[in-house]
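K.L.:
Under our numbering, the first residue of the sequence shown is numbered 19, with each subsequent residue one higher.
Just so it is clear, CB atoms sit at the ideal spot from N, CA and C, and this is done for glycine as well.
Take this structure, written in C-alpha cells, and hold onto it; I'll ask about it next.
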Amino acid sequence: VPNVRFWMGFGDHYINVFTVLKNLGLLSEQPVRIAEGQEVVPLKLVKAVLPDPGSLAPDYAGKTCIGDLVKGVKDGREREVLIYNVADHGEAYEEVGSQGISYTAGVPATAAAMLIATGVWDVKRMANVEELPPRPFLDLLNRIGLPTRIRDENGDRAVAFLRPPPARATAVPDHIICNNAEGI
Numbered sequence: 019v020p021n022v023r024f025w026m027g028f029g030d031h032y033i034n035v036f037t038v039l040k041n042l043g044l045l046s047e048q049p050v051r052i053a054e055g056q057e058v059v060p061l062k063l064v065k066a067v068l069p070d071p072g073s074l075a076p077d078y079a080g081k082t083c084i085g086d087l088v089k090g091v092k093d094g095r096e097r098e099v100l101i102y103n104v105a106d107h108g109e110a111y112e113e114v115g116s117q118g119i120s121y122t123a124g125v126p127a128t129a130a131a132m133l134i135a136t137g138v139w140d141v142k143r144m145a146n147v148e149e150l151p152p153r154p155f156l157d158l159l160n161r162i163g164l165p166t167r168i169r170d171e172n173g174d175r176a177v178a179f180l181r182p183p184p185a186r187a188t189a190v191p192d193h194i195i196c197n198n199a200e201g202i
C-alpha cells in the first residue's frame, strides 16, 4: 500500500485548548524549575489537575465515528469505500458506565476475547487481530452493540455477509452473548 494516513477530527474548542496548552509549554515532558526551586514536569502537572475521565462520562453527549476510508482501483475502476461504526456516548454510558470512546475500545477487545475463548479464532501463534478471519468478528460486533457499516457507490448499509463464512470460521454461540458482563 503506497499511502496510508491516520486522521482524527476534533471540535474547535478542543483544538483551541490544546493549542493554548502547547503554546504555554504545558504539554512538555521536560522538567522545569518553579519559583520555589522544585522541578515539575508540565504535562504531569496538567494531568494532575484534569478531572477524572470517568467523572465526565455522565455528561458526554453526541457520538463517535471511527472508520477506514479506502480509495483505490478494483477491476480497472476507481472505488472509495468507508467502513465505520458509530457509538452514542449516552447509550454507552447507560450500558457500561463509560463514554463512547471507551466503548469503542472495549467492545472489539471483548469480541476478540470471546472468539478466542470459544475456539472460533485459533491463535496458537502470536497474531494481529487483522490477520484473523474478519467475518465472525464483524458479526459478533454487530450482535453485541457496535454494528459495522459500509458506505460505497451502493449507498450506506450495515455490513452483512451474503455468503456463509468458511467452515473454519464458525459463530460464537448465542448463550455467551451478553450485556453488562452477565451470562458469561
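Per DSSP, Ala105 forms a beta bridge with which residues?
P.N.:
Thr82.
K.L.:
Could you tell me which residues DSSP pairs with Lys92 in its beta bridges?
P.N.:
Per DSSP, Arg95.
K.L.:
Given 8 Å as the limit, is there contact between the region 128-141 and the region 93-107, that is, 3 or more CB pairs closer than that?
P.N.:
The region 128-141 vs the region 93-107: no contact.
K.L.:
Which one of Leu61, Trp25, Gly55, Val50 has the shortest CA to CA distance from Lys40?
P.N.:
Selected option, being the one with the closest Cα: Leu61.
K.L.:
With three or more C-beta pairs closer than 8 Å as the rule, is the region 116-124 touching the region 70-90?
P.N.:
Yes, the region 70-90 touches the region 116-124.
K.L.:
Out of Trp25, Val177, Arg143, which one is the CA nearest neighbour of Asp157?
P.N.:
Checking every option, the nearest Cα to that of Asp157 belongs to Val177.
K.L.:
Give me the Cα-Cα distance between Leu164 and Ala53, rounded to the nearest whole angstrom.
P.N.:
For Leu164 and Ala53, the distance between alpha carbons rounds to 50 Å.
K.L.:
Considering only the alpha carbon of each residue, which of Pro151, Glu109, Cys83 lies closest to Arg167?
P.N.:
Ranking Pro151, Glu109, Cys83 by Cα distance to Arg167 puts Cys83 first.
K.L.:
Using alpha carbons as the reference points, say which of Pro152, Leu45, Leu100, Gln48 lies closest to Asn172.
P.N.:
Of the candidates Pro152, Leu45, Leu100, Gln48, the one whose C-alpha sits nearest the C-alpha of Asn172 is Leu100.
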